[in-house]
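K.L.:
Below: one structure in C-alpha cells.
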Amino acid sequence: MSEVMLQQTQVDTVLPYFERFMERFPTVEALANAPQDEVLSLWSGLGYYSRARNMHKAAKMVADDGVFPLNIKGLRELPGVGEYMAAAIASIALGQDEATVDGNIARVMSRLHADPGPRRDMWAHARAHLPPGRAGDYNQALMDLGARICRPKRAACDACPVGEHCAAHDQGEVHLYPPPKVKKKAPIRRLDPLWYERDGSVLLFRRPAEGLWGGLWELPGVISSAEEWADGEADQRFEATYGVPMAAGAVLTARRHVLTHKVFEFRLLQGLGEGPQGSTEHTTSSWVSRSELDSVGLSALTAKAIKSAWS
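First residue of the sequence shown: 48, per my numbering; consecutive thereafter.
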C-alpha cells in the first residue's frame, strides 16, 4: 500500500492517507470487500486515482487467490504493479535479492557513473552494486540518499557517503546528471461545472472507471479550451452530453487547479432549471446529500467546489 501511494507523491503528503487507509483496511480482505466508492473517498485529494482503483482490483485478486504473490512474476500480474514496484516489494517486504530503480536511485546512479543515459540504463548500475542478502536495506538507502543528499538541485556532496566514488563529482559536473528533460508547457483548459441543488442535495454524475478522475463523482459540466468556450462549442457539447441546454447563472466560485500535465481554469456556475437527467459520458447520476458526501469518491477539486457552495 505504501509503495502504491508513494508513486509520484511525497512522503509527507502520503503519511496521513496511509494511516487512514491502514486503520480502515488493516487486511487485504478488508480492502477487497470495500465498495470502490469508499476506497476512492478515502483517496480523495491524493491524485492519480488509477492507483486506488488498481490497488482495489489487486486486493480482490489476492483475496480470491488466498495468498500474496511471492515472486516478481506474480507481483507484476497485479494491476498497477510495474517493474519498479515489483522489485521494491520483493526486496523490502519479501527479502529477495532484487535491485530497483525509482527517480532518486536513477539520479544517484547517473551521477555515480557519470552516465547520461535514460533511466532504463540505470538498472544495470543498480544491480551491479547490489549486496546479496541486503537488497531491502540497499534499495531503501539509495532512495533516501537521493531524496536527502543527492538532490536534483543543491546536492549535498560534502555529506555524501559515496562521494569519493562519484564520477560526476570528480568531474565537477554533478549538475549535469541526469540530463534535464525538456519540459512541455501544460495546456490550459476550462472546466465549467454547474451547481444544481434540491432539498439539501447536490446533483452529481459518476465518471467511467478509466481516464481522468475515473470512477469519481463530479458536478455536471464540460472541459473545453478558451476558444471553444468563446465559439459556443462548450454549450453545444454540454447539450449533446446531458440532453439539456447549458443554462447557467452566476459564478459561485472560481479558481485555478494545477495537475501534473494540465492546468484548469475552474468556474462553478449556478445551474438554472431542474438539471440534466442523464449523460452520455457518465455511468450514473444521483442527488447526494451533505451527510452522504463522505461516502462517495470526489476529486479534490470537486470537494472544494462543493464545500465553497455549501459554506
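The C-beta atom is built at its ideal place from N, Cα and C for all residues, glycine as well. Keep in mind the model is a prediction, meaning the values are calculated, not measured.
Alpha carbon to alpha carbon, what distance is there between F252 and M156?
P.N.:
Taking the sequence shown and counting its residues from 1, one reaches residue 156 at position 109. Taking the sequence shown and counting its residues from 1, one reaches residue 252 at position 205. Each residue's alpha carbon lies about 46 Å from the other.
K.L.:
Please report how far the alpha carbon of V343 lies from the alpha carbon of W90, in whole angstroms.
P.N.:
Numbered from its first residue, the sequence shown carries residue 343 at position 296. Numbered from its first residue, the sequence shown carries residue 90 at position 43. Computed Cα separation, rounded: 11 Å.
K.L.:
Compute the distance between the beta-carbons of P225 and R174, then report whether it is under 9 Å.
P.N.:
For the purposes of this step, residue 225 is identified with residue 178 of the sequence shown, where counting begins at 1. For the purposes of this step, residue 174 is identified with residue 127 of the sequence shown, where counting begins at 1. No. Outside cutoff.
K.L.:
Looking at C-alpha atoms only, which residue of R337, A133, D184 is the closest neighbour of L117?
P.N.:
The count along the sequence shown starts at 1 and reaches residue 117 at position 70. L117 has its Cα closest to that of A133, out of R337, A133, D184.
K.L.:
Tell me whether N80 is buried or exposed, calling it buried when 16 or more other Cβ atoms sit within 10 Å of its Cβ.
P.N.:
Mapped onto the sequence shown, residue 80 falls at position 33. Its Cβ having fewer than 16 others within 10 Å, N80 is exposed.
K.L.:
Quick check: V249 and A99, are their CB atoms within less than 9 Å of each other?
P.N.:
Here residue 249 refers to the residue found at position 202 when the sequence shown is read from its first residue. Here residue 99 refers to the residue found at position 52 when the sequence shown is read from its first residue. Against a cut-off of 9 Å, the Cβ pair of A99 and V249 comes out as no contact.
K.L.:
Helix, strand or coil: how does DSSP classify L340 here?
P.N.:
Taking the first residue of the sequence shown as 1, we reach residue 340 at position 293. Residue state, collapsed to three classes: helix.
K.L.:
Report the start-end ranges of each alpha helix (DSSP H) in the stretch 236-285 that is 4 residues or longer and not cut off at the edges.
P.N.:
273-277
K.L.:
Taking Cβ to Cβ, would you say Q55 is nearer than 9 Å to Y95?
P.N.:
The residue given as residue 55 occupies position 8 in the sequence shown. The residue given as residue 95 occupies position 48 in the sequence shown. In contact: Q55 and Y95 (Cβ atoms closer than 9 Å).
K.L.:
At the level of alpha carbons, what is the spacing between C197 and S138?
P.N.:
Here residue 197 is taken as the residue at index 150 of the sequence shown, counted from 1. Here residue 138 is taken as the residue at index 91 of the sequence shown, counted from 1. Looking at the two C-alpha atoms, the distance is approximately 22 Å.
K.L.:
With a cut-off of 8 Å on the beta carbons, I'd call F65 and S49 a contact; round off their distance for me.
P.N.:
Your numbering for residue 65 matches position 18 in the sequence shown. Your numbering for residue 49 matches position 2 in the sequence shown. Contact holds; Cβ gap of about 6 Å.
K.L.:
Please determine if the stretch 260-280 and the stretch 347-355 are in contact, where contact requires at least 3 C-beta pairs separated by less than 8 Å.
P.N.:
yes
K.L.:
Tell me which same chain residues have a C-beta within less than 6 Å of the C-beta of F313, skipping the five on either side of it?
P.N.:
Start at 1 with the first residue of the sequence shown, and residue 313 comes out as number 266. L238, R302, H304, listed in sequence order.
K.L.:
Let me know the secondary structure DSSP gives T300 once reduced to three states.
P.N.:
On the sequence shown, position 253 is the one that residue 300 refers to. Looking at T300 - three-state DSSP - the assignment turns out to be strand.
K.L.:
Given a cut-off of 9 Å on the beta-carbon distance, is the pair P7 and E328 in contact?
P.N.:
In the structure as shown, the chain starts at 48 and stops at 358, and residue 7 therefore has no counterpart that could be examined.
K.L.:
Going by DSSP, what residue range makes up the alpha helix (DSSP H) through L315?
P.N.:
Translated into positions along the sequence shown, residue 315 becomes position 268. Per DSSP, L315 belongs to no alpha helix (DSSP H); it is in the beta strand (DSSP E), 310-318.
K.L.:
Going by beta carbon distance, what residues of the same chain come within less than 7 Å of E76, once the five residues before and after it are set aside?
P.N.:
Sequence index remark: in the sequence shown, residue 76 carries index 29 (1-based). Here the set comprises A110.
K.L.:
Inspect the beta-carbon positions of L159 and C213 and report whether they are closer than 9 Å.
P.N.:
One-based indexing of the sequence shown puts residue 159 at position 112. One-based indexing of the sequence shown puts residue 213 at position 166. In this structure, C213 lies closer than 9 Å to L159 by Cβ.
K.L.:
Between N186 and A135, how many whole angstroms is the CB-CB distance? I'm expecting something under 8 Å.
P.N.:
Within the sequence shown, the letter at position 139 stands for residue 186. Within the sequence shown, the letter at position 88 stands for residue 135. Between A135 and N186 the Cβ distance is about 6 Å, and since that is below 8 Å, they are a contact.
K.L.:
Excluding sequence positions up to five away, which residues of its chain have a Cβ less than 6 Å from the Cβ of M293?
P.N.:
Working through the sequence shown from its first residue, we reach residue 293 at position 246. Within the same chain, M293 has close Cβ partners D282, F285.
K.L.:
State the Cα-Cα distance for the pair P208 and G121, rounded to the nearest angstrom.
P.N.:
As a position in the sequence shown, residue 208 is number 161, starting the count at 1. As a position in the sequence shown, residue 121 is number 74, starting the count at 1. P208 and G121: Cα-Cα distance of roughly 35 Å.
K.L.:
Exposed or buried, what is E211 when buried is set at 16 or more other beta-carbons lying within 10 Å of its beta-carbon?
P.N.:
Numbered from 1 along the sequence shown, position 164 holds the residue referred to as residue 211. Under this definition E211 is an exposed residue.
K.L.:
Nearest to C69 by alpha carbon, out of V86, D59, P82?
P.N.:
Here residue 69 refers to the residue found at position 22 of the sequence shown. Reading the sequence as shown, one finds Met at residue 69 and not Cys. Per the Cα distances, V86.
K.L.:
Suppose the cutoff is 6 Å on Cβ atoms and the five residues either side in sequence are ignored; what does the same chain contact list for N151 look like?
P.N.:
For the purposes of this step, residue 151 is taken as the residue at position 104 of the sequence shown. Cβ within range, chain order: M190, G193, A194.
K.L.:
Only counting runs of 3 or more residues, tell me where the beta strand (DSSP E) segments fall wholly within the stretch 194-222, in order along the chain.
P.N.:
Contiguous beta strand (DSSP E) elements confined to the stretch 194-222 do not occur, taking only those with 3 or more residues.
K.L.:
Quick check on DSSP: helix, strand or coil for L345?
P.N.:
Taking the sequence shown and counting its residues from 1, one reaches residue 345 at position 298. L345: strand per DSSP, three-state reduction.
K.L.:
Rounding to the nearest angstrom, what Cα-Cα distance links A188 and H222 in this structure?
P.N.:
Along the sequence shown, one-based indexing puts residue 188 at 141. Along the sequence shown, one-based indexing puts residue 222 at 175. Taking the straight line joining both Cα atoms gives about 21 Å.
K.L.:
What ranges does the alpha helix (DSSP H) occupy inside the stretch 120-172, keeping only unbroken runs of at least 4 residues that lie completely in it?
P.N.:
130-139, 150-159
K.L.:
Kindly give me the distance between the Cβ atoms of G290 and G322, rounded to whole angstroms, as I take these residues to be in contact under 8 Å.
P.N.:
Taking the first residue of the sequence shown as 1, we reach residue 290 at position 243. Taking the first residue of the sequence shown as 1, we reach residue 322 at position 275. Not a contact, Cβ separation roughly 11 Å.
K.L.:
Please list the terminal residues of the continuous alpha helix (DSSP H) segment that includes R67.
P.N.:
One-based indexing of the sequence shown puts residue 67 at position 20. Unbroken alpha helix (DSSP H) run through R67: 58-71.
K.L.:
For R166, which residues from the same chain have a beta carbon less than 7 Å from its beta carbon, with the 5 sequence-adjacent residues on both sides left out?
P.N.:
As a position in the sequence shown, residue 166 is number 119, starting the count at 1. Result list for R166: V148, A153, in chain order.
K.L.:
Tell me, to the nearest whole angstrom, how far the beta carbon of P240 is from that of A105; I am working on the premise that it is less than 8 Å.
P.N.:
Sequence index remark: in the sequence shown, residue 240 carries index 193 (1-based). Sequence index remark: in the sequence shown, residue 105 carries index 58 (1-based). Going by Cβ atoms, the distance from P240 to A105 rounds to 32 Å, so no, they are not a contact pair.
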